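Asker: Below is one structure. I have some questions about it.
Residue numbers (this note's numbering), protein chains in the order written: chain A, 190 to 509; chain B, 190 to 509.
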């Protein structure tokens, strides 16, 4: 019998890690998730991964052949396979990510920035098929960006290009984990909108269902649910988030002149609540020559484990 | 006798136009300049160019064979050869630049953004030889940028990528000719530093030799001369200009991760006065992963008619 070839795709996030076994058509043969425990040392994560992966393999059909693994993770250098000074992980300054994972998974491991693999996923399995110039913006715990330039992933001189999350939305603004002030990540991530809700609750007396939450419990989903119920604080927080994101995306268009921008990650699941204000402020801040020339879209993969599919696309790209 | 092959390079600026006849080694066989008269209609410019070019050709050795022309101009679309809505030119919304020039010069004409051709000049005749990822920032009447990504000019989906001059340095800041507020161009161009001097003269009582100038007469050279004489207003204007430029270049590095950034154009001729504060604020605003990974340099071509050489490089690129 011909074996079924598949790859491992891993989305390593600041909160959860997802691991999928994915065929060449983007079908999941298996999918699991577990807490990343980013505040504990790196070996604790590897032990957890070993246990989860072992169980997945036990349940997999014996004819599945695992070729490679692709990993999307923040702050990784795709040339060296190393995570460098990850601000949201307590794993040290130099984390030998590809090497550590390869020892657990027993296949060669390719790593790249989480937003870069999202861009690869979008071109292989999503809405960017056939596009030469586009951007994917990941709005999760942080904000990342992946750029495809002339059909190829744009990685820069040291493999670290594409950090829109650490461009400045408000000078001298909120302190970011990276050490800079006012980074877009502090406004347009799930963490950012939670902070904006907190600020608005403190600054205004407007009634809001969000007043009943502690900051720890104030999830993106809670804010989204409040917006669905027309809660004024939730709606204003989305408006402000879209203002920051839209104005910075307009700058990004001035640099890259992409055909389309795809939003993905937790905050993109808010759909129209994030899309509408972002589009308004993108248009208002766009240099005139770019008007009508860029599409702002929610990723087709946002509800389909796009980050895992992107990591799998990175692996498939190395096979094909 | 073997003819000497050469190309025409034209640097079309908001104030002056320079036209050179350039061989494959970057030698000038002829070079002229004339006022662009950007406030008068486009045909007036073409008539002036016709007269200047005719005189140049009369004085050229008869064995010189002109192959092509390359033109660097702001707001041009390299796919169509059209200048689109140029804010610093009173030439209408759609200027058929390549077509108009081709009729005058009697050779095929390739146009591109002035900053893009500066990048081509830097790679062919300047300090970027062999580099795969670098940026050239032109600090002239306006601010432009050209990006080489993976060894190729980065032009984007519509041929209009690379507009750092119209990213925002100060939100709701100085009104730009493009219609946006606070564009980097309003702070880091020759025009920008003139405005900063004017602001400082008004805001402070500090004695300054620059007080004797009308705004019309306050040239970049006058500010540079004042800085050389340690004039406090001139030095503070350079410091502020470098602060704006450095912080925006740090953002640009987050997007592009280049090996080097080359500064060129009128303001770059100020050398250390612009380089030192720009470098300081670039370093202070750089995301930690990029520290020590980018060189900030004055273009080797800044005093060598680099804009004309860049335009010639664009033409040579099409020949070779």
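Cβ atoms here follow ideal geometry from the backbone N, Cα and C, with glycine treated the same way. A quick note: this is a predicted structure, and the numbers were derived from the prediction, not measured.
With 7 Å as the limit, tell me which residues of the region 355 to 376 of chain B have their beta carbon closer than that to any beta carbon of chain A; keep them in chain order.
Answerer: Listed by position along the chain: 355, 356, 357, 367, 368, 369.
Asker: Under the three-state reduction of DSSP, which class applies to residue 413 of chain A: helix, strand or coil?
Answerer: Position 224 of the first chain, counted from the start, is the residue given in the question as residue 413 of chain A. In this structure, residue 413 of chain A counts as helix in the three-state DSSP scheme.
Asker: Starting from residue 272 of chain B, trace the beta strand (DSSP E) both ways and give me its first and last residue.
Answerer: Position 83 of the second chain, counted from the first residue, corresponds to residue 272 of chain B. Start and end: 271 to 273.
Asker: Touch check for the region 343 to 363 of chain B and the region 459 to 468 of chain A: three-plus C-beta pairs under 8 Å?
Answerer: no
Asker: Chain A partners of residue 353 of chain B, CB-CB under 8 Å?
Answerer: The residue you call residue 353 of chain B lines up with position 164 of the second chain. Those are 443, 444, listed as they occur along chain A.
Asker: What are the residues in the region 316 to 327 of chain B lying within 9 Å of chain A by C-beta distance?
Answerer: 320, 321, 322, 323
Asker: In chain A, which residues lie less than 9 Å from residue 279 of chain B when you measure between Cβ atoms?
Answerer: Counting from one through the second chain, the residue named residue 279 of chain B turns up at place 90. Result: empty, since nearest Cβ-Cβ is about 16 Å, beyond 9 Å.
Asker: Residues of chain B with a CB under 8 Å from the CB of residue 301 of chain A: which are they?
Answerer: If you number the first chain from 1, residue 301 of chain A lands on position 112. Ordered by position in chain B, no residue passes the 8 Å Cβ test against residue 301 of chain A, which lies about 13 Å from the chain.
Asker: With a cut-off of 7 Å, does the C-beta of residue 477 of chain A fall near any C-beta of chain B?
Answerer: Residue 477 of chain A sits at position 288 when you count from the first residue of the first chain. Judged by the 7 Å Cβ criterion, residue 477 of chain A is in contact with chain B.
Asker: Do residue 342 of chain A and residue 197 of chain A come within 7 Å of each other at the CB atom, strictly closer than that value?
Answerer: Numbered from its first residue, the first chain carries residue 197 of chain A at position 8. Numbered from its first residue, the first chain carries residue 342 of chain A at position 153. Going by C-beta atoms, residue 197 of chain A is not nearer than 7 Å to residue 342 of chain A.
Asker: For residue 263 of chain B, which three-state DSSP category applies?
Answerer: The residue labelled residue 263 of chain B in the question sits at position 74 within the second chain. In the structure shown, residue 263 of chain B falls within a coil segment according to DSSP collapsed to helix, strand and coil.
Asker: Going by alpha carbons, who is nearest to residue 507 of chain A out of A:333, A:299, A:423, A:290?
Answerer: Counting from 1 along the first chain, the entry for residue 507 of chain A is found at position 318. Ranking A:333, A:299, A:423, A:290 by Cα distance to residue 507 of chain A puts A:299 first.
Asker: With a cut-off of 7 Å, does the C-beta of residue 345 of chain A fall near any C-beta of chain B?
Answerer: Along the first chain, read from residue 1 onward, the residue named residue 345 of chain A stands at position 156. Interface residue, yes.
Asker: Can the beta-carbon of residue 323 of chain A be found closer than 7 Å to that of residue 215 of chain A?
Answerer: On the first chain, residue 323 of chain A is found 134 positions in, with the first residue counted as 1. On the first chain, residue 215 of chain A is found 26 positions in, with the first residue counted as 1. Against a cut-off of 7 Å, the Cβ pair of residue 215 of chain A and residue 323 of chain A comes out as no contact.
Asker: Which class does residue 210 of chain B belong to by DSSP, given the choice of helix, strand or coil?
Answerer: Working through the second chain from its first residue, we reach residue 210 of chain B at position 21. Residue 210 of chain B falls in the strand class under three-state DSSP.
Asker: With a threshold of 7 Å between beta carbons, is residue 305 of chain B in contact with chain A?
Answerer: Along the second chain, read from residue 1 onward, the residue named residue 305 of chain B stands at position 116. No, its Cβ sits nowhere closer than 7 Å to a Cβ of chain A.
Asker: Use the C-beta contact count for residue 243 of chain B: other C-beta atoms within 10 angstroms, 16 or more gives buried, fewer gives exposed.
Answerer: Position 54 of the second chain holds residue 243 of chain B. Exposed, because fewer than 16 other Cβ atoms sit within 10 Å of the Cβ of residue 243 of chain B.
Asker: Let me make sure I understand the geometry here. Which of A:226, A:230, A:257, A:252 has the alpha-carbon closest to that of residue 209 of chain A?
Answerer: Position 20 of the first chain, counting from 1, holds the residue named residue 209 of chain A. Of the candidates A:226, A:230, A:257, A:252, the one whose C-alpha sits nearest the C-alpha of residue 209 of chain A is A:257.
Asker: Should the region 411 to 427 of chain A be called in touch with the region 322 to 338 of chain B, which here means at least 3 C-beta pairs below 8 Å?
Answerer: No contact exists between the region 411 to 427 of chain A and the region 322 to 338 of chain B.
Asker: Per DSSP, residue 485 of chain B forms a beta bridge with which residues?
Answerer: Counting from 1 along the second chain, the entry for residue 485 of chain B is found at position 296. Partner(s): B:450.
Asker: Work out the CA separation of residue 290 of chain B and residue 220 of chain B for me, nearest whole Å.
Answerer: Taking the second chain and counting its residues from 1, one reaches residue 220 of chain B at position 31. Taking the second chain and counting its residues from 1, one reaches residue 290 of chain B at position 101. Approximately 17 Å, taken between the alpha carbons.
Asker: Relative to the alpha-carbon of residue 417 of chain A, which residue among A:454, A:401, A:458 has its alpha-carbon at the smallest distance?
Answerer: Here the question's residue 417 of chain A lines up with position 228 in the first chain. Ranking A:454, A:401, A:458 by Cα distance to residue 417 of chain A puts A:458 first.
Asker: In this structure, how does DSSP classify residue 318 of chain B when only helix, strand and coil are distinguished?
Answerer: The residue you call residue 318 of chain B lines up with position 129 of the second chain. Under the three-state reduction of DSSP, residue 318 of chain B is assigned to coil, being neither helix nor strand.
Asker: Which chain B residues are close to residue 308 of chain A, counting only those with a beta carbon under 8 Å from its beta carbon?
Answerer: Taking the first chain and counting its residues from 1, the one referred to as residue 308 of chain A is at position 119. Correct list: empty, because the minimum Cβ distance to chain B is about 14 Å.
Asker: Which residues of the region 191 to 205 of chain B have a Cβ closer than 7 Å to any Cβ of chain A? Give them in chain order.
Answerer: Hits within the stretch: zero.
Asker: Report the neighbours of residue 350 of chain A on chain B: residues whose CB is nearer than 7 Å to its CB, in chain order.
Answerer: Locating residue 350 of chain A in the first chain gives position 161, counting from the first residue. Near residue 350 of chain A (Cβ distances below 7 Å), the residues of chain B are 444, 445, 446.
Asker: Strictly below 8 Å CB to CB, what residues from chain A border residue 472 of chain B?
Answerer: For the purposes of this step, residue 472 of chain B is identified with residue 283 of the second chain, where counting begins at 1. Residues of chain A passing the Cβ test: none, with the nearest at roughly 12 Å.
Asker: Using the Cα positions of residue 329 of chain A and residue 199 of chain B, report the straight-line distance between them to the nearest angstrom.
Answerer: Residue mapping note: residue 329 of chain A aligns to position 140 of the first chain, counting from 1. Residue mapping note: residue 199 of chain B aligns to position 10 of the second chain, counting from 1. Cα to Cα, the separation comes out at about 48 Å.
Asker: To the nearest angstrom, report how far apart residue 264 of chain A and residue 275 of chain A are at their CA atoms.
Answerer: By one-based count along the first chain, residue 264 of chain A stands at place 75. By one-based count along the first chain, residue 275 of chain A stands at place 86. Residue 264 of chain A and residue 275 of chain A: Cα-Cα distance of roughly 6 Å.
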